[in-house]
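**Q**
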Amino acid sequence: MTERSAFVVVANRLPVDEVAAEGGREWRRSPGGLVTALHPVLAAHQGTWVGWAGGTDAAPGPFDVDGIHLHPVPLSGDELEKYYEGQSNATIWPLYHDAVEPPMYKRSWRDAYRRVNARFADAAAEVAADGATVWVQDYQLQLVPAMLRERRPDLRIGFFLHIPFPSIELFMQMPQRVEILRGLLGADLVGFQQRLAAQNFIRLARHLLGLRYVGQTVEVDDRRVKAGAFPISIDTAEMERMGADPEVQARAKQIRKELGDPKTVILGVDRLDYTKGIEQRLKAFRELLAEDFLSVPDAVMVQVATPSRERVEHYQTLRVKVEREVGRINGEYARVGVPAVHYLHQSYSRAELAALYRAADVMMVTPLRDGMNLVAKEYVAARGDLGGALVLSEFAGAASELKQAFLCNPHDPDGVKDALRRAVTVDQVEARRRMRIMQRHLRSHNVERWANTFLTELRGEA
Ligand code: ADP
Ligand code: F6P
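Here numbering that gives the first Met the number 0 is used: the first residue of the sequence shown is 0, the next is one more, and so on.
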């Protein structure tokens, strides 16, 4: 019989990676902030994490890593295509990001989404102890709260959406709109990154289902569902430690040397995703080169673009567009042995990312829409030397907190250029002042606080 837990996390992915090890392969905890934040809670409650282990072969049986029980949920090749690549990442992802690419709607994707959500709900119902707290994560699993409540009315169910929640007008496009809203309303507490998103949700409940609400609480049948903003953050102390690590600092120096010791290193680090505004940032760099405000080799740009969702059409198109723009800039402005843009379509270790953050004079985070954007927070935390400057899109959730960044509207090319210009030329005293204020904020508003605040509210202790 499966061991049952008083605390269960349900997320599309398990927080582990399968890596090569002596004598075969083994599972290691992945470095993400979410698992770092939840690890103490999971460890203290013999908690279980329910999620997909990756791959489409038969899922492994339940196993433990670092004191956490892991409960894999299998996905077939067909489900990966329809539930993950289709409904999650070609319908919901673009729609919730203000339709910056047109969402695609397909019946067979919706069916797969429903089927896979039911499988996650079954798994959670199986591992949750009587009266347990279950925390469901993100847009891939929006039907799980209601499905789980139906199976296990004794549970306390929380849901957190890591991405934006759209306006009523946009949400209404979705053929599955009632089902998704009812799915979310199965939770006791629905958390969002921003206050506006929580308001969108509450108003939607009235608009679409005629439900009454008082303040942040929606009345559903005989239950109350609370909505609220819980902006996620990073493991600030860990990133501060990494930035201060002598090996990381030596690597940062080496990176600058390898780049030709330029005066200005401009950095972008993202998943290769069309919401991230990578083209907009490249264009701003190109125009500042064209205007001779910047010149190679004094200024170079490094763009790390982690491969992501590579079988989804919009991601393939984006890759072509970004690589064409990088080629164009290098064609016009590079010299032999000195590229203007160093483009890296690769994944890196946390330490290498920290070294890149330490090496960069300007970090450009320019999403067209982003729930939070943790890269912006990581950059600030890594800069214990108070060096560097952050250019940040107003359309990233992080902009509500990192107000001392050079904020810009990524839809306005002149605005992006202006912010980049200001970040490149800011005097040191002012730059350090901005960095110090943002760091102070992140020290208190870390991911641990995020998790504790949500769980306290969910358990009704707030
Ligand atoms: P999203 O969740 O949309 O990918 P975030 O900025 O919120 O965007 O989070 C991205 C996370 O992935 C950050 O923790 C960042 O450090 C990590 N990351 C981004 N690019 C890379 C990369 N090339 N290699 C390893 N980790 C990366
Ligand atoms: O933050 C949004 C999110 O989709 C997470 O749910 C996910 O873990 C991460 O981005 C990476 O995306 P994917 O799991 O599709 O590779």
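Yeah, the Cβ is synthetic: ideal placement off N, Cα and C, and Gly gets one too. Computed from a prediction, not measured in an experiment: that's the story for all the values here.
So, is residue 10 buried or exposed, given that buried needs 16 or more other C-beta atoms within 10 angstroms?
**A** Start at 1 with the first residue of the sequence shown, and residue 10 comes out as number 11. So residue 10 counts as buried.
**Q** Taking residue 11 as part of the beta strand (DSSP E), name the residues at either end of that continuous run.
**A** Working through the sequence shown from its first residue, we reach residue 11 at position 12. Counting along the chain, the beta strand (DSSP E) containing residue 11 begins and ends at 4 to 12.
**Q** Provide the residue span of the beta strand (DSSP E) that contains residue 136, from first to last.
**A** The residue labelled residue 136 in the question sits at position 137 within the sequence shown. From DSSP, the beta strand (DSSP E) with residue 136 extends over 127 to 136.
**Q** According to DSSP, simplified to helix, strand and coil, what is residue 343?
**A** Residue numbering aside, residue 343 sits at position 344 when the sequence shown is read from its first letter. Note: residue 343 maps to strand in three-state DSSP.
**Q** Do residue 274 and residue 99 count as a contact pair if the criterion is CB distance below 8 Å?
**A** By one-based count along the sequence shown, residue 99 stands at place 100. By one-based count along the sequence shown, residue 274 stands at place 275. Yes, they are a contact pair.
**Q** Sorted by chain position, which residues of the same chain lie with C-beta nearer than 6 Å to residue 288's C-beta, five sequence neighbours on each side aside?
**A** What you label residue 288 is simply residue 289 of the sequence shown in a count that begins at 1. Closer than 6 Å at the Cβ level, and outside the excluded window around residue 288, lie 332.
**Q** State yes or no: is the C-beta of residue 318 nearer than 7 Å to some heavy atom of ligand 2?
**A** For the purposes of this step, residue 318 is taken as residue 319 along the sequence shown, with counting starting at 1. Every heavy atom of ligand 2 is 7 Å or more from the Cβ of residue 318, so no.
**Q** Between the Cα of residue 13 and the Cα atoms of 40, 117 and 51, which residue gives the shortest distance?
**A** Here residue 13 is taken as the residue at index 14 of the sequence shown, counted from 1. Checking every option, the nearest Cα to that of residue 13 belongs to 51.
**Q** Say the cut is 7 Å; is the CB of residue 8 nearer than that to a heavy atom of ligand 1?
**A** Position 9 of the sequence shown, counted from the start, is the residue given in the question as residue 8. Shortest gap from the CB of residue 8 to any heavy atom of ligand 1: 7 Å or more.
**Q** Suppose you measure from the CA of residue 349 to the CA of residue 30; what does that come to, to the nearest Å?
**A** As a position in the sequence shown, residue 349 is number 350, starting the count at 1. As a position in the sequence shown, residue 30 is number 31, starting the count at 1. Rounded to the nearest angstrom, the two C-alpha atoms are 8 Å apart.
**Q** Within this structure, are the beta carbons of residue 126 and residue 1 separated by less than 8 Å?
**A** In the sequence shown, counting from the first residue as 1, residue 126 sits at position 127. In the sequence shown, counting from the first residue as 1, residue 1 sits at position 2. Cβ atoms of residue 126 and residue 1: closer than 8 Å.
**Q** With distances taken from CA atoms, which of 371, 172, 408 and 92 is nearest residue 283?
**A** Along the sequence shown, one-based indexing puts residue 283 at 284. Closest option to residue 283, Cα to Cα, is 408.
**Q** Between residue 397 and residue 376, how many whole angstroms is the CB-CB distance? I'm expecting something under 8 Å.
**A** Here residue 397 refers to the residue found at position 398 of the sequence shown. Here residue 376 refers to the residue found at position 377 of the sequence shown. The distance from the Cβ of residue 397 to that of residue 376 is about 6 Å, consistent with a contact at the 8 Å cut-off.
**Q** What are the start and end residues of the beta strand (DSSP E) that includes residue 270?
**A** Against the sequence shown, residue 270 aligns to sequence position 271. Looking at the DSSP string, the run of the beta strand (DSSP E) that includes residue 270 is 263 to 270.
**Q** Between residue 106 and residue 47, what straight-line distance do the alpha-carbon atoms span, to the nearest angstrom?
**A** Your numbering for residue 106 matches position 107 in the sequence shown. Your numbering for residue 47 matches position 48 in the sequence shown. Their backbone Cα atoms lie some 33 Å apart in a straight line.
**Q** How would you write the range of the alpha helix (DSSP H) that residue 256 sits in, first residue to last?
**A** One-based indexing of the sequence shown puts residue 256 at position 257. Here the alpha helix (DSSP H) through residue 256 covers 245 to 257.
**Q** Compute the beta-carbon to beta-carbon distance between residue 237 and residue 35, rounded to the nearest angstrom, for a pair I have assumed lies under 8 Å.
**A** In the sequence shown, the residue the question calls residue 237 occupies position 238. In the sequence shown, the residue the question calls residue 35 occupies position 36. Yes, residue 237 and residue 35 are in contact; Cβ-Cβ is about 7 Å, under 8 Å.
**Q** By DSSP's criteria, residue 389 is part of a beta bridge. Which residues make up the other side?
**A** As a working note, residue 389 is residue 390 in the sequence shown. Paired residue(s): 362.
**Q** Along the chain, where does the beta strand (DSSP E) that runs through residue 302 open and close?
**A** Here residue 302 is taken as the residue at index 303 of the sequence shown, counted from 1. That run of the beta strand (DSSP E) goes 298 to 305.
**Q** Could you check whether the Cβ of residue 347 sits closer than 7 Å to any heavy atom belonging to ligand 1?
**A** Locating residue 347 in the sequence shown gives position 348, counting from the first residue. Checking every heavy atom of ligand 1 against the Cβ of residue 347, one is found closer than 7 Å.
**Q** May I ask you to report which of helix, strand or coil DSSP gives residue 295?
**A** Looking up residue 295 in the sequence shown gives position 296. Correct three-state label for residue 295: coil.
**Q** Just the Cα atoms here: how many angstroms apart are residue 70 and residue 258?
**A** Translated into the one-based positions of the sequence shown, residue 70 becomes position 71. Translated into the one-based positions of the sequence shown, residue 258 becomes position 259. Whole-angstrom Cα-Cα distance: 45 Å.
**Q** Counting along the chain, where does the alpha helix (DSSP H) carrying residue 447 start and finish?
**A** One-based indexing of the sequence shown puts residue 447 at position 448. It spans 446 to 457 - the alpha helix (DSSP H) in which residue 447 sits, taken as one unbroken run.
**Q** Would you say residue 340 and residue 325 are within 8 Å of each other, going by their C-beta atoms?
**A** Locating residue 340 in the sequence shown gives position 341, where the first residue counts as 1. Locating residue 325 in the sequence shown gives position 326, where the first residue counts as 1. For residue 340 and residue 325, yes; Cβs fall inside 8 Å.
**Q** Would residue 201 pass as a contact of residue 215 if the rule is Cβ separation under 8 Å?
**A** Numbered from its first residue, the sequence shown carries residue 201 at position 202. Numbered from its first residue, the sequence shown carries residue 215 at position 216. Cβ atoms of residue 201 and residue 215: closer than 8 Å.
**Q** Would the beta-carbon of residue 437 fall within 8 Å of that of residue 379?
**A** The residue given as residue 437 occupies position 438 in the sequence shown. The residue given as residue 379 occupies position 380 in the sequence shown. Taking 8 Å as the Cβ cut-off, residue 437 and residue 379 qualify as a contacting pair.
**Q** Using DSSP bridges, identify the partner residues of residue 183.
**A** Numbered from 1 along the sequence shown, position 184 holds the residue referred to as residue 183. In the DSSP output, where bridge partners are listed per residue, residue 183 has none listed.
**Q** Out of 401, 138, 412 and 459, which one is the CA nearest neighbour of residue 434?
**A** For the purposes of this step, residue 434 is taken as the residue at position 435 of the sequence shown. Considering only alpha carbons, the answer is 401.
**Q** In angstroms, rounded to a whole number, what distance separates the CA positions of residue 416 and residue 359?
**A** Here residue 416 refers to the residue found at position 417 of the sequence shown. Here residue 359 refers to the residue found at position 360 of the sequence shown. Those two C-alpha atoms are separated by around 18 Å.
**Q** Going by DSSP, what residue range makes up the beta strand (DSSP E) through residue 67?
**A** Within the sequence shown, the letter at position 68 stands for residue 67. Note, residue 67: beta strand (DSSP E), 67 to 71.
**Q** Taking 5 Å as the limit, tell me which residues put their C-beta closer than that to any heavy atom of ligand 2, in chain order.
**A** 137 and 161
**Q** Any heavy atom of ligand 1 closer than 7 Å to the Cβ of residue 379?
**A** For this step, residue 379 is matched to residue 380 along the sequence shown. No, since every heavy atom of ligand 1 falls outside the 7 Å radius drawn around the Cβ of residue 379.
**Q** Using a Cβ-Cβ cut-off of 7 Å (strictly less than) and excluding sequence neighbours within five positions of residue 94, which residues of its own chain qualify?
**A** Here residue 94 corresponds to residue number 95 of the sequence shown, with the count starting at 1. Closer than 7 Å at the Cβ level, and outside the excluded window around residue 94, lie 102, 165, 169, 172 and 173.
**Q** Return yes when the Cβ of residue 385 is within less than 8 Å of the Cβ of residue 393, no when it is not.
**A** As a position in the sequence shown, residue 393 is number 394, starting the count at 1. As a position in the sequence shown, residue 385 is number 386, starting the count at 1. Their beta carbons are not under 8 Å apart, which means residue 393 does not touch residue 385 by this criterion.
**Q** May I ask you to report which of helix, strand or coil DSSP gives residue 319?
**A** Here residue 319 refers to the residue found at position 320 of the sequence shown. Residue 319: helix per DSSP, three-state reduction.
**Q** Below 8 Å CB to CB, which residues in the same chain sit around residue 293 once its five sequence neighbours on both sides are set aside?
**A** The residue given as residue 293 occupies position 294 in the sequence shown. Same-chain partners within the cutoff: 263, 284, 287 and 423.
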